[in-house]
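One structure is given below, encoded as structure tokens.
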Amino acid sequence: MADFAEILQAYSSLAVDYSAFFELGDPGLLNSLVDYIVEQEKTVFVSKSFKVLHECVLRANNPNEKAIYSAMKNAMRSLVESKLLRASKSASCVGFFLEHLGNEDECLFIGRNGNAFARLRNINAQGKCAVFVVNRGRIKFYSSLSECLSAEEGYTVNPISGNSDFIASDNYFSVGDILCTDDGEEITLTSLISTGAEGLVFCTQHDKWVAKVYHRGGITPLRWYKLMKMRSLDLEADNICWPCRLLFSRNHIPVGYMMRKASGTTISRAFDGPDAMEKYFPAWSRLQVVEASLSFLYVMEYLHLHGVLVGDIQLKNAMIENEDHLFLIDMDSVQYQDLPCPVGTEEFTRPELWGKSFVTFLRRPQDEDYSISILVFSMLFCGQHPYAQRNGLEMLRDEMEAHSFPYTVDDSENERIPYGGYDKIWDALTPTLKDMFVRAFAEGELFDSLEWACAIQEYRDKLVAHEYEDEEVYRVFPYYVKEVAAPVKRTGKMSIREAIMNSNMNSEEARNQYARQIPTGQQAANEQAKKRVEPSHPSFKGSTQPPPSRAIKPPTNQPSQASALVNRMNAMSGSAEKRAENEAKKEDAPAPSPRKSGFGRFFGNRHN
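In our numbering, the protein residues as written are 4 to 611.
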């Protein structure tokens, strides 16, 4: 520390990136450094997004980082009380670097393993300031930036990435089987959660931890070597399904890994328009949508702080339980150090990378910025892609290549904005977010996750403070009215099922219609009087089917057989009076039904 203090005396101020303090790791070393800065009254500059990064570490809740987190909190309090802390105007780390690299009286503190150092290299920065590089507790000094970048070489693709072999294993695992971790613990597979293209996910005896077991041929040299490197990071964060322990069979063959258990549903399923949002989060307002977007950015920047690029960013690779609990899944495909992410999704990938094999190159932080900007827009717009539009080109990829963004800052053109209330979501955004979206998607400018986080925090603060007079702004979909199809009135007869589906059974109209369908006593009698006697069905010789049962003859107004016999006797007696009376009765009797011809006589009477 003595040599370090002697070097530091030559500089009036320090530009400190968050990654430098974070990678010190040792709370005692950090406290000694800050005590010396306060004693020598050195001014410390930090970026505008310094607090955002601190929030990322806090939310990750990694037990292995609690000591350094507390030490950083105390260090910043000490600098504030000493009035030595200054905040930069820029939220991005690149902008922060460019503000201070040209000052010979300043020195830059930066971590070696975070993405901030990779960004410094990618912009080919030039400057006169000295640089202190912190690498996992060790500090190395360079008198100039050019000397630093020459000495600290970047990563190149590991040759193992091109090896398509796989670890041979004839083991098949199911519920009840026992595996072993790399630290010797036995893990019991208690129940099956899901089955995917790569493998199976099981519950274990640990409630918060699950096991991913690969299918036969699923473990390549690239995958297993990457898992071993990822395991060494000890990222036991609450919101990342990170490989924390490796799994082996009883005969010591690699089979998978242990990770945090995620809960909720995938963002792609929940953030899929008004109906899906209403289904999964009916109590949400626009504030919860904004908070969920921030949760995603926090976990992304936490990974960047450790030098990890997710690579294959898409809506289905994250699960959400509520606005504060968002989990990144499928972490075994990320890019770490010299090991690339072998997969990608076109609608979230820069057009410059289309058609390339992802195993042949390392993504840059700028490539990740493009994917993050699309996902941020998609979350704020509840699943809508920024280049989705009406009256546009044939395919989405054509719109992406042409930077055909349908939204404008001044709302001068809105005929291409998709239907569904997305224009109202755009109207409710802050001017800062509108400007950033237009510059990103119409002009091709890139913003990192820290810049997006700061802009969305501004939007959130306005919602919390209730600065908007229009109450519709606070809804998930402002001014969106759910269209309900009017019932179709049908004519003619309907089946019982159709009547139930198309009618309101409790309405007054339905009750009146039902009452009209029930015949009164007199109506029933008249209907019975109109019915005709159905002729009996003849039986056919040789038929294996019994003759159909006869219908019961309804009562008619015809006289009984006894009355008919009396009438005939009276008629035979020659009584004119009786004959006249009988003739009158015959006239009142209904005429008999005519005999049907053809097959109609076998089916009885039909009434229309």
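Heads up, the beta-carbon is just placed ideally off N, CA and C, and yes, glycines get one too.
*So, helix, strand or coil for I332, using DSSP?*
coil
*Between the Cα of R272 and the Cα atoms of E294, D430, Y301, Q317, which residue gives the shortest distance?*
Nearest C-alpha to R272 among E294, D430, Y301, Q317: Q317.
*Considering only the beta carbon of each residue, do L148 and F251 sit closer than 8 Å?*
no
_Own chain partners of K465 with C-beta closer than 8 Å, once the 5 adjacent residues on each side are dropped_ = The residues are T433, Y471.
*Local conformation of I222 per DSSP, three classes*: coil
_Strictly by DSSP, which residues pair up with K69?_
The partner list for K69 (beta bridge, DSSP) is empty, contrary to what the question assumes.
*Which runs of the alpha helix (DSSP H) spanning at least 4 residues fall entirely within the segment 230-290, listed in chain order?*
270-273, 277-283
*Within the segment 311-386, ranges of the alpha helix (DSSP H) (whole runs, at least 4 residues)*: Here the runs fully enclosed are 368-383.
_Would you call the segment 340-348 in contact with the segment 397-405, where contact means no fewer than 3 C-beta pairs closer than 8 Å?_
no
*Using DSSP with H/G/I as helix, E/B as strand and the rest coil, what is N64?*
coil
_Can you tell me where the beta strand (DSSP E) holding S16 begins and where it ends?_
16-19
*Buried or exposed: which applies to E448, given that a residue is buried once 16 or more other Cβ atoms fall within 10 Å of its Cβ?*
E448 is exposed by the Cβ-count criterion.
*Determine which residues share a DSSP beta bridge with R2 and list them.*
For the chain, the structure presents residues 4 to 611; residue 2 sits outside this window and is missing.
*Can you give me the Cβ contacts of L299 inside the same chain, cut-off strictly under 6 Å, excluding the 5 residues immediately before and after it?*
It should be noted that the sequence gives Phe, not Leu, for residue 299. Around F299: L329.
*asked:* Can you confirm whether the segment 259-279 touches the segment 448-457 when touching is taken to mean that 3 or more C-beta pairs between the two stretches lie within less than 8 Å?
replied: Output reads no: the segment 259-279 does not touch the segment 448-457.
*asked:* Whether or not the segment 361-376 and the segment 238-249 are in contact is what I'm after, with contact meaning three or more pairs of Cβ atoms, one per stretch, closer than 8 Å; do they touch?
replied: no
*Identify which residue in G199, I163, V213 has its Cα closest to the Cα of R219.*
Ranking G199, I163, V213 by Cα distance to R219 puts G199 first.
*Nearest to E461 by alpha carbon, out of W429, Y482, L297?*
L297
*Spatial neighbours of L378 within its chain, please: CB distance less than 8 Å, with the 5 preceding and 5 following residues excluded, ordered by chain position.*
F299, I316, Q317, L318, F351
*Who pairs with V178 in a beta bridge, going by DSSP?*
Paired residues: none, contrary to the question.
*asked:* With distance defined between alpha-carbon atoms, name the residue in F176, F169, A8 nearest to C110.
replied: A8
*Would you mind giving the Cβ-Cβ distance between M398 and A295, rounded to the nearest angstrom? I have them listed as a contact below 8 Å.*
Between A295 and M398 the Cβ distance is about 29 Å, and since that is not below 8 Å, they are no contact.
*Within 10 angstroms of its Cβ, does D473 collect 16 or more other Cβ (buried), or is it exposed?*
exposed
*asked:* Beta-carbon within less than 7 Å of C206's beta-carbon, same chain only, minus the 5 sequence neighbours each way: which residues are those?
replied: T193, S194, I196, V213
*asked:* Can you list, in chain order, the residues of its chain with a C-beta nearer than 6 Å to that of Y305? Leave out the 5 residues immediately preceding and following it.
replied: C59, A63
*Excluding sequence positions up to five away, which residues of its chain have a Cβ less than 6 Å from the Cβ of K143?*
V136
_Taking the beta strand (DSSP E) that Y612 belongs to, which residues open and close that run?_
The displayed coordinates of the chain run from 4 to 611. Any statement about residue 612 would go beyond what the structure contains.
*asked:* With the cut-off set at 8 Å, would you say S407 and Y390 are in Cβ contact?
replied: yes
*asked:* By alpha-carbon positions, which one of L33, I113, I126 ends up nearest to V134?
replied: I113
*Identify every residue that forms a DSSP beta bridge with C110.*
Assignment of beta-bridge partners to C110 by DSSP yields L17, A133.
*For G202, count neighbouring Cβ atoms within 10 angstroms of its own Cβ and tell me buried if that reaches 16, exposed if not.*
buried
*Can you pull the DSSP bridge partners for T46?*
Partner(s): S16.
_To the nearest angstrom, how far is the alpha carbon of M79 from that of E475?_
One C-alpha to the other measures close to 40 Å.
*Three-state secondary structure (DSSP) at I196?*
Strand at I196.
*What did DSSP end up calling F169 once you bin it into helix, strand or coil?*
Note: F169 maps to coil in three-state DSSP.
*asked:* Do G395 and G347 have their beta-carbon atoms positioned less than 8 Å apart in this structure?
replied: no
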